Amino acid sequence: MERKPLQKQPDRDFLQFARWVSGAPFFGLAAACGAAAVLLLRGGEWSLSTALYLAVPLAGMLVLYGVLAAVAKARYGLKIPLLPRVLRLPALLLAVALAALCIALAR
Numbered sequence: 006m007e008r009k010p011l012q013k014q015p016d017r018d019f020l021q022f023a024r025w026v027s028g029a030p031f032f033g034l035a036a037a038c039g040a041a042a043v044l045l046l047r048g049g050e051w052s053l054s055t056a057l058y059l060a061v062p063l064a065g066m067l068v069l070y071g072v073l074a075a076v077a078k079a080r081y082g083l084k085i086p087l088l089p090r091v092l093r094l095p096a097l098l099l100a101v102a103l104a105a106l107c108i109a110l111a112r
């Protein structure tokens, strides 16, 4: 059997998925921000479980991004940006909001 060479150009579905996953850290940050707001509204106290509750969405989305970026680089030689330009400012604002919510939870 002959081995097929790797594709030089990714297909359209892969590129659409890559566009979505490049924003995955933003969605993880948004989920962590929402979780912090819910904990604060419910009068939650800062603990290890609270920290895990806030870290898991962001860490999961970063892992998803890392795996896809590695596959895209190895298979197609593509570099996928960590955050698209459109999401950079909203991500910064969400990071500031998450930091403020975490400080409020720590009090």
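Take any residue in the sequence shown, count from 1 to its spot, add 5: that is its number in our numbering. Where a beta carbon is used, it is the ideal one built from N, C-alpha and C, also for glycine. The structure displayed is predicted, hence computed values, not measured ones.
Exercise for the section: Look at LEU59 and ALA40 and say whether their C-beta atoms are less than 8 Å apart. Expected result: yes
Practice task
Only counting runs of 4 or more residues, tell me where the alpha helix (DSSP H) segments fall wholly within the segment 11 to 52, in order along the chain.
Solution key: Listed in chain order, the complete alpha helix (DSSP H) runs (minimum 4 residues) inside the segment 11 to 52 are 17 to 27 and 29 to 46.
Practice task
From the DSSP output, in three-state form, read off LYS78 for me.
Solution key: helix
Handout entry: Nearest candidate by alpha-carbon position, reference ILE108, set GLN14, ALA56, ARG24 and GLY33
Key = With distances taken between Cα atoms, ILE108 lies closest to ALA56.
Practice task
For PRO89, collect the residues of the same chain with a Cβ closer than 8 Å to its Cβ; drop the 5 residues on either side in sequence, then sort them by chain order.
Solution key: Hits under 8 Å: ARG24, SER27 and GLY28.
Problem - Host alpha helix (DSSP H) of ILE108 (start-end) - result: 90 to 111
Handout entry: Alpha-carbon spacing of ALA77 relative to SER54, whole angstroms
Key = 34 Å
Problem - Cβ-Cβ distance between CYS38 and LEU106 below 8 Å - result: Using a Cβ distance threshold of 8 Å, CYS38 and LEU106 count as a contacting pair.
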